[in-house]
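Enquirer: Residue 0 is where the sequence shown starts when you use numbering that gives the first Met the number 0, and the numbers rise one by one after that. Below: one structure in structure tokens.
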Amino acid sequence: MRLSSNFFRRLSLLITTGLVACSFFVNSLRAETWSDTTGKFKLEAEYAGIDGKNLVLRKSDGKTVNVPIVNLSPESRAQAKALYEKNKSNPALSAKASTATPTSATQAAYQPKTRKLNFTPPPVPIISQMPAFPENATLEESLNHVRNQVLAGHLDVFWTALPDDLRAMADSQEIRDGLRPYMNDNMKMSNEVVAVIDKLSEVLITKKKFILKSPMLAQAPPMVMPLLQQGYDPAVGLIYEYSDMARNGNAIVDSSLSSYVSYHAPRIGGHFQALLKIVPAGLREPYINGIVAKQTDDNTGTISWPKQDGTTESKEMVRYNDRWLPKEFAEQWQANKDTAMQTFIANLTSSATMAQNNPQAKAMVESTVKQASAILDPLIAAKTQQEFDLAVNELMMPIMLMFGGGGPGGPGGPGGPGQ
């Protein structure tokens with residue numbers, strides 16, 4: 000019961016943090032029908048700007064395409080001209096158009112690295128396509144949309160909810176170039192950790208029948224085993240998808256953060272949703288529905304969420320660029336957005352330098368990785384239930400001794416000094 004409560008408290012905070020860290024995408028443009036000179040090509044999409052000799056259109060899935068203006072029908076050219084004249088003074092729209100081409104191109108090109116594995120990962124649960132954010136959303140509508148999409152497995156809703164100018168900055172070439180040295184250094188260490196996580200996944204997947212028949216689990220309460228059996232594959236799927244995401248971290252700079260999130264977050268979210276379904280509704284609903292939005296006027300409001308001690312915590316929210324953001328964050332962003340990119344890159348450079356000059360930390364990680372890998376090897380090598388149980392006992396013995404359990408035959412056990 001305690002674990003379930005803590006789990007849903009964290010879920011509640013996750014949704015709230017998403018609202019605190021993100022805003023809510025409100026699309027101020029409506030889809031139009033566009034056609035080419037032949038009349039054979041037609042597309043329902045929103046006008047997103049003009050990029051040189053191309054018309055930039057945003058499709059319903061949020062991705063953008065460039066269409067040469069010369070290929071447009073006379074009606075579509077006139078439509079593009081009218082929308083350009085109407086929106087050319089809108090800075091936010093201009094920012095969208097200027098970043099649309101590289102983002103859409105990198106999204107289409109991104110694919111995770113091919114992996115040679117000794118096991119078959121759990122299949123990713125199929126989740127429905129994430130709908131667009133509601134237009135001109137109230138604070139409550141925005142909260143409900145984020146909450147519903149999290150429950151549907153779309154953890155990427157937190158990324159797509161960010162204001163356009165923030166996402167454009169994160170996907171900009173300048174940010175990615177500044178992030179590259181940090182990522183390159185971080186990936187060297189990350190790959191060693193991922194290799195151990197892959198070993199753990201191999202144990203959990205290839206030795207599943209041994210794990211579920213372990214004598215240790217036989218001592219668990221009767222209600223535990225059905226839940227464990229239902230949640231086993233989704234939990235292992237989360238572990239595997241995390242390692243896959245970590246292994247492909249350089250895609251953030253080689254492709255874009257948008258494409259990275261849009262690929263990996265729904266896969267993690269699919270397993271998260273499957274785990275969520277096995278939790279009894281009576282435990283789940285109070286925490287999920289405990290997050291409440293209260294709008295004061297068109298541009299201000301508060302979001303409140305329950306704390307573990309029974310009280311509530313609130314955060315002031317404001318509408319920023321047709322999106323809802325925490326008031327403090329919105330004020331800081333408006334005051335510092337002109338220098339935010341330079342500050343971010345400077346901090347990354349400083350972090351990369353500190354990491355390179357800290358061999359002790361690297362040595363500690365390498366030592367821990369080697370120890371973890373050595374612990375998992377006997378479990379992978381086990382061919383029978385008896386061999387697996389013996390390997391588990393040898394693994395648990397130092398831990399039990401460390402915490403005074405004594406283990407089989409130890410103090411207070413059969414044959415121990417307590418007899």
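Don't be surprised by glycine CBs; every beta carbon is placed ideally from N, CA and C. Bear in mind the structure is a predicted one, so any value in this text is a computation, not a measurement.
Is the separation between the beta-carbon of isoleucine 379 and that of lysine 198 shorter than 8 Å?
Expert: Walking along the sequence shown from the start, residue 379 turns up at place 380. Walking along the sequence shown from the start, residue 198 turns up at place 199. Closer than 8 Å, so yes.
Enquirer: Under three-state DSSP, which class holds valine 66?
Expert: Position 67 of the sequence shown, counted from the first residue, corresponds to residue 66. Residue state, collapsed to three classes: strand.
Enquirer: In terms of alpha-carbon separation, which member of Ile277, Ala381, Tyr259, Val260 lies closest to aspartate 232?
Expert: The sequence position of residue 232 within the sequence shown is 233, counting from 1. Ranking the options by Cα distance to aspartate 232, first place goes to Ile277.
Enquirer: Consult DSSP for glycine 51 and reduce its assignment to one of helix, strand or coil.
Expert: Position 52 of the sequence shown holds residue 51. Glycine 51: coil per DSSP, three-state reduction.
Enquirer: Looking only at DSSP bridge pairs, what is proline 279 linked to?
Expert: Looking up residue 279 in the sequence shown gives position 280. In DSSP, proline 279 forms no bridge with anything.
Enquirer: With DSSP collapsed to three states, give me the class of isoleucine 125.
Expert: One-based indexing of the sequence shown puts residue 125 at position 126. Residue state, collapsed to three classes: coil.
Enquirer: Let me know if glutamine 294 comes out buried or exposed under the rule of 16 or more other beta-carbons within 10 Å of its beta-carbon.
Expert: Counted from its first residue, the sequence shown places residue 294 at position 295. So glutamine 294 counts as buried.
Enquirer: Go to glutamine 148, then tell me how far its alpha helix (DSSP H) extends in each direction, as first and last residue.
Expert: Translated into the one-based positions of the sequence shown, residue 148 becomes position 149. First-last of the alpha helix (DSSP H) with glutamine 148: 138 to 150.
Enquirer: Quick one: residues in its chain with C-beta nearer than 6 Å to the C-beta of serine 200, no 5 flanking neighbours on either side, listed in chain order?
Expert: Within the sequence shown, numbered from 1, the residue matching residue 200 stands at position 201. Same-chain partners within the cutoff: Ile238, Tyr239.
Enquirer: Measure the C-alpha to C-alpha separation of glutamate 315 and methionine 215 and round it to an integer number of angstroms.
Expert: As a first step, residue 315 is located in the sequence shown; it is residue number 316 there, counting from the start. As a first step, residue 215 is located in the sequence shown; it is residue number 216 there, counting from the start. Taking the straight line joining both Cα atoms gives about 49 Å.
Enquirer: Proline 180 by DSSP, collapsed to three states: which one?
Expert: Looking up residue 180 in the sequence shown gives position 181. Of the three classes helix, strand and coil, the one that applies to proline 180 here is helix, per DSSP.
Enquirer: So, does the segment 309 to 326 touch the segment 147 to 157, judging by three or more C-beta pairs under 8 Å?
Expert: Counting Cβ pairs under 8 Å, fewer than three are found: no touch.
Enquirer: To the nearest angstrom, how far is the alpha carbon of alanine 107 from that of glycine 309?
Expert: The sequence position of residue 107 within the sequence shown is 108, counting from 1. The sequence position of residue 309 within the sequence shown is 310, counting from 1. Because the pLDDT at alanine 107 is just 43, under 50, the model does not fix this residue reliably, and the point stays unresolved.
Enquirer: Based on the DSSP secondary-structure assignment, which residues constitute the bridge partners of proline 325?
Expert: If you number the sequence shown from 1, residue 325 lands on position 326. DSSP lists Met316 as partners of proline 325.
Enquirer: Below 6 Å CB to CB, which residues in the same chain sit around leucine 227 once its five sequence neighbours on both sides are set aside?
Expert: Counting from one through the sequence shown, the residue named residue 227 turns up at place 228. If we look at leucine 227 and ignore the five residues flanking it on each side, it has no Cβ neighbours.
Enquirer: Roughly how many whole angstroms lie between the Cα atoms of phenylalanine 118 and glutamate 140?
Expert: As a first step, residue 118 must be located in the sequence shown, where it is residue number 119. As a first step, residue 140 must be located in the sequence shown, where it is residue number 141. Taking the straight line joining both Cα atoms gives about 43 Å.
Enquirer: Mark serine 261 as exposed unless 16 or more other C-beta atoms lie within 10 angstroms of its C-beta, in which case mark it buried.
Expert: Sequence index remark: in the sequence shown, residue 261 carries index 262 (1-based). Under this definition serine 261 is a buried residue.
Enquirer: Going by C-alpha distance, which of Ile126, His144, Pro124, Ile125 is nearest proline 133?
Expert: Against the sequence shown, residue 133 aligns to sequence position 134. Out of Ile126, His144, Pro124, Ile125, His144 has the C-alpha closest to the C-alpha of proline 133.
Enquirer: Thinking threonine 32 and glutamate 43 are a contact (beta carbons under 8 Å), I'd like their distance in whole angstroms, please.
Expert: What you label residue 32 is simply residue 33 of the sequence shown in a count that begins at 1. What you label residue 43 is simply residue 44 of the sequence shown in a count that begins at 1. Indeed they touch by this definition, with Cβ atoms about 6 Å apart.
Enquirer: What is the DSSP secondary structure of proline 133, counted as helix, strand or coil?
Expert: Your numbering for residue 133 matches position 134 in the sequence shown. Coil.
Enquirer: How big is the Cα-Cα spacing for lysine 212 and leucine 394?
Expert: Along the sequence shown, read from residue 1 onward, the residue named residue 212 stands at position 213. Along the sequence shown, read from residue 1 onward, the residue named residue 394 stands at position 395. Computed Cα separation, rounded: 17 Å.
Enquirer: Going by the CB atoms, is the gap between alanine 151 and isoleucine 126 shorter than 8 Å?
Expert: As a position in the sequence shown, residue 126 is number 127, starting the count at 1. As a position in the sequence shown, residue 151 is number 152, starting the count at 1. For isoleucine 126 and alanine 151, yes; Cβs fall inside 8 Å.
Enquirer: Considering only residues of the same chain and omitting the five flanking positions on each side of serine 242, which have a CB-CB separation below 8 Å?
Expert: Indexing the sequence shown from 1 puts residue 242 at position 243. Counting only Cβ-Cβ distances below 8 Å, and skipping sequence neighbours, we find Val193, Ile196, Asp197, Ser200.
Enquirer: Is it buried or exposed for valine 235, if we count other Cβ within 10 angstroms and need 16 for buried?
Expert: Position 236 of the sequence shown, counted from the first residue, corresponds to residue 235. Buried, because 16 or more other Cβ atoms sit within 10 Å of the Cβ of valine 235.
Enquirer: Which of the three DSSP states, helix, strand or coil, is assigned to tyrosine 46?
Expert: Counting from one through the sequence shown, the residue named residue 46 turns up at place 47. Here tyrosine 46 sits in strand by DSSP.
Enquirer: Sort out for me which residues DSSP pairs leucine 71 with in a bridge.
Expert: Position 72 of the sequence shown holds residue 71. The partner list for leucine 71 (beta bridge, DSSP) reads Asp35.
Enquirer: Taking buried to mean at least 16 other C-beta atoms within 10 Å of its own C-beta, is glycine 51 buried or exposed?
Expert: Start at 1 with the first residue of the sequence shown, and residue 51 comes out as number 52. Its Cβ having fewer than 16 others within 10 Å, glycine 51 is exposed.
Enquirer: If you follow the beta strand (DSSP E) that alanine 219 is in, where does it begin and where does it stop?
Expert: For this step, residue 219 is matched to residue 220 along the sequence shown. Where alanine 219 is concerned, there is no enclosing beta strand (DSSP E), given that its DSSP letter is neither H nor E.
Enquirer: How many Å lie between glutamate 327 and isoleucine 302 at the Cα?
Expert: As a position in the sequence shown, residue 327 is number 328, starting the count at 1. As a position in the sequence shown, residue 302 is number 303, starting the count at 1. Going by the C-alpha atoms only, they are around 13 Å apart.
Enquirer: Where does threonine 299 fall in DSSP's three states?
Expert: As a position in the sequence shown, residue 299 is number 300, starting the count at 1. Threonine 299: strand per DSSP, three-state reduction.
Enquirer: Tell me, to the nearest whole angstrom, how far the beta carbon of phenylalanine 271 is from that of alanine 381; I am working on the premise that it is less than 8 Å.
Expert: Sequence index remark: in the sequence shown, residue 271 carries index 272 (1-based). Sequence index remark: in the sequence shown, residue 381 carries index 382 (1-based). Wrong, their Cβ atoms sit about 30 Å apart, outside the cutoff.
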